[in-house]
Amino acid sequence: MAFEIPKITYTGKIKEVTLGKGPKAVTIGGETAYPFHLFEGAMPHPPRIAMEVYDTPPEEWPEAALEPFKDVVNDPAAWAKKCVGNYGAELICLQLVSTDPNGLNRSSDEAAQTVKKVASAVDVPVIVWGSGNADKDTDVLRKVAEACDGMNLVIGPVAEGNYKQVGAGAIGYKHTAIASTPIDINLAKQLNILLGNLGVPDGQIVVDPTTGGLGYGIEYTYSVMERDRMAALTQQDERLQFPILCNMA
Numbered sequence: 012m013a014f015e016i017p018k019i020t021y022t023g024k025i026k027e028v029t030l031g032k033g034p035k036a037v038t039i040g041g042e043t044a045y046p047f048h049l050f051e052g053a054m055p056h057p058p059r060i061a062m063e064v065y066d067t068p069p070e071e072w073p074e075a076a077l078e079p080f081k082d083v084v085n086d087p088a089a090w091a092k093k094c095v096g097n098y099g100a101e102l103i104c105l106q107l108v109s110t111d112p113n114g115l116n117r118s119s120d121e122a123a124q125t126v127k128k129v130a131s132a133v134d135v136p137v138i139v140w141g142s143g144n145a146d147k148d149t150d151v152l153r154k155v156a157e158a159c160d161g162m163n164l165v166i167g168p169v170a171e172g173n174y175k176q177v178g179a180g181a182i183g184y185k186h187t188a189i190a191s192t193p194i195d196i197n198l199a200k201q202l203n204i205l206l207g208n209l210g211v212p213d214g215q216i217v218v219d220p221t222t223g224g225l226g227y228g229i230e231y232t233y234s235v236m237e238r239d240r241m242a243a244l245t246q247q248d249e250r251l252q253f254p255i256l257c258n259m260a
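Numbering (our numbering), first residue to last: 12 to 260.
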């Protein structure tokens, strides 16, 4: 008697989202089964890993991590080009740490020009991540969206407190919004609903469930991701059927 692997019946599908433009645009999502359960369904697009670029030289990086980029840390556009040209990066994640009001507090206009230079210097999709200060991020991401009109950047974090302003920028200037919530599946679903009601197309939303190594812990992070996929794929919850993006660094 042949052994048959027990299989789950799935009723949902993760939406596909295309990041960036041109021949090196990256499509994510599209799964019809749990991650890597290829014996149960399709996983048309593999997970993608972005290389990080900071908009100011990172002071907290270990020497070994900084060594390969010492010649470009003062020029984010050159740094991004090196990631693509020398290391084959398929995605760039630009961290706008210098905009933090508790740090260098660089202006939103300056940040927008930095992003535009980086996005123009490479032919791969660019993820733009704010400083984490909600008030400053709102203004920064709006300016970034406008300055990079039509480039299909991936901008975030978009939270409940600023989704109207940043979401409007994503709609008007054709970018993808990163819906970010603090490790809670109900809050994640609610923010997706709010963005949808605002008018952000499903093809312009990715979900950041937040990745915590401390506090809640990485195990709790995993469990929320698992619950998200269970609801999306087996419970037909359409407002959770979005690709997941994690800011791991």
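For every residue, glycine included, the Cβ atom is placed at its ideal position computed from N, Cα and C.
Residue i classed as buried or exposed, judged by whether at least 16 other C-beta atoms fall within 10 angstroms
i	result
Phe-253	buried
Ile-229	exposed
Asn-11	For the chain, the structure presents residues 12 to 260; residue 11 sits outside this window and is missing.
Glu-15	exposed
Gln-246	exposed
Gly-23	buried
Ala-88	buried
Lys-18	exposed
Phe-10	Missing from the structure shown is residue 10; the chain here goes from 12 to 260 and no further.
Thr-20	exposed
Ile-94	One point to set straight first is that residue 94 is Cys, not Ile, in the sequence displayed. Buried, since its Cβ has 16 or more Cβ neighbours within 10 Å.
Cys-159	buried
Lys-154	buried
Met-236	buried
Ser-12	Looking at the sequence itself, residue 12 is Met, so the reference to Ser does not match. Classification for Met-12: exposed.
Glu-70	exposed
Leu-251	buried
Ser-3	The structure shown has nothing for residue 3, since the chain only spans 12 to 260.
Leu-225	exposed
Asp-146	exposed
Gly-40	buried
Ile-60	exposed
Lys-26	buried
Gly-183	exposed
Gly-180	buried
Ser-119	buried
Where the beta strand (DSSP E) through residue i begins and ends
i	result
Ser-118	Looking at the DSSP string, Ser-118 is not in any beta strand (DSSP E), and its letter there is neither H nor E.
Asp-146	Looking at the DSSP string, Asp-146 is not in any beta strand (DSSP E); the run it does join, the alpha helix (DSSP H), is 145-158.
Ile-138	137-140
Ile-216	216-219
Leu-205	Run containing Leu-205: none in the beta strand (DSSP E); it sits in the alpha helix (DSSP H), 196-209.
Lys-29	The residue you asked about is not Lys; residue 29 is Thr in the sequence shown. Taken as a continuous stretch (DSSP letters only), the beta strand (DSSP E) holding Thr-29 covers 28-30.
Gln-106	103-106
Thr-38	37-39
Val-133	From DSSP, Val-133 is part of no beta strand (DSSP E); its letter is neither H nor E.
Gly-168	The displayed chain sequence assigns Pro, not Gly, to residue 168. Start and end: 165-169.
Boundaries of the alpha helix (DSSP H) in which residue i is found, first to last residue
i	result
Ile-182	174-184
Ala-190	That residue, Ala-190, is in no alpha helix (DSSP H); its beta strand (DSSP E) goes 187-191.
Asp-239	229-245
Beta-carbon separation (whole angstroms), residue i vs residue j, contact threshold 8 Å
i	j	result
Asp-134	Leu-105	That belief does not hold up - the Cβ atoms of Asp-134 and Leu-105 are roughly 15 Å apart, past 8 Å.
Val-129	Ala-91	5 Å
Asp-52	Leu-107	Here residue 52 turns out to be Gly, not Asp, going by the sequence shown. That pair is no contact at about 37 Å.
Asn-144	Pro-112	6 Å
Thr-192	Pro-220	7 Å
Ile-255	Val-218	5 Å
Gly-167	Ile-194	About 16 Å; that fails the 8 Å criterion.
Pro-136	Leu-102	5 Å
Lys-185	Gly-161	5 Å
Ala-122	Val-151	5 Å
Within 8 Å, do at least three Cβ pairs link the region 37-47 to the region 66-79? Because the criterion of three Cβ pairs below 8 Å is not met, the region 66-79 and the region 37-47 do not touch.
Runs of 4 residues minimum, wholly inside the region 41-88: which ones carry the alpha helix (DSSP H) assignment? Fully enclosed alpha helix (DSSP H) runs of 4 or longer: 74-77.
Using 8 Å as the cut-off, can you tell me whether the region 168-177 makes contact with the region 197-215, which would need three or more C-beta pairs spanning the two stretches below that distance? A contact is defined here as three or more CB-CB pairs under 8 Å, and the region 168-177 meets this definition with respect to the region 197-215.
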